[in-house]
Amino acid sequence: MADFCLECSINTFGKDFKDLANITSQKDWDKGLAQVVICEGCGAIQVDPDGNCVSSNCMESTQSKSR
108 MADFCLECSI NTFGKDFKDL ANITSQKDWD KGLAQVVICE GCGAIQVDPD
158 GNCVSSNCME STQSKSR
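In the working numbering, the protein residues as written are 108 to 174.
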């Protein structure tokens with residue numbers, strides 16, 4: 108199954124399907140830890156508890172740099 112971070116899900120499908128939400132627990136996030144996952148749009152990234160890409164190589168970051 109293909110999984111998408113929040114931003115890629117919205118960009119691809121028009122809504123967030125929460126594919127990568129809750130992969131990182133709030134407890135770990137509060138300690139400064141994030142799980143490494145594979146987003147079909149971004150590649151290997153880290154996500155917060157809501158499924159937002161927090162890595163420097165996120166598609167959102169890449170798009171922002173090109174603007």
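Glycine is no exception: its CB is placed at the ideal position from the N, C-alpha and C atoms.
Please read these numbers as outputs of a predicted model, since none were measured by experiment.
{"Asked": "Given a cut-off of 8 Å, decide if Val-154 and Leu-127 are closer than it, judged by their beta-carbon atoms.", "Found": "yes"}
{"Asked": "Report buried or exposed for Asn-159, applying the criterion of at least 16 other Cβ atoms within 10 angstroms of its Cβ.", "Found": "buried"}
{"Asked": "According to DSSP, is Cys-115 helix, strand or coil?", "Found": "helix"}
{"Asked": "Leaving out five residues before and five after Glu-147 in sequence, what residues of the same chain have Cβ atoms less than 6 Å from its Cβ?", "Found": "Ala-109 and Phe-111"}
{"Asked": "Have a look at Asn-118 and Cys-149 and give me their C-alpha separation to the nearest angstrom.", "Found": "12 Å"}
{"Asked": "Can you give me the C-alpha to C-alpha distance between Trp-136 and Pro-156, rounded to a whole angstrom?", "Found": "7 Å"}
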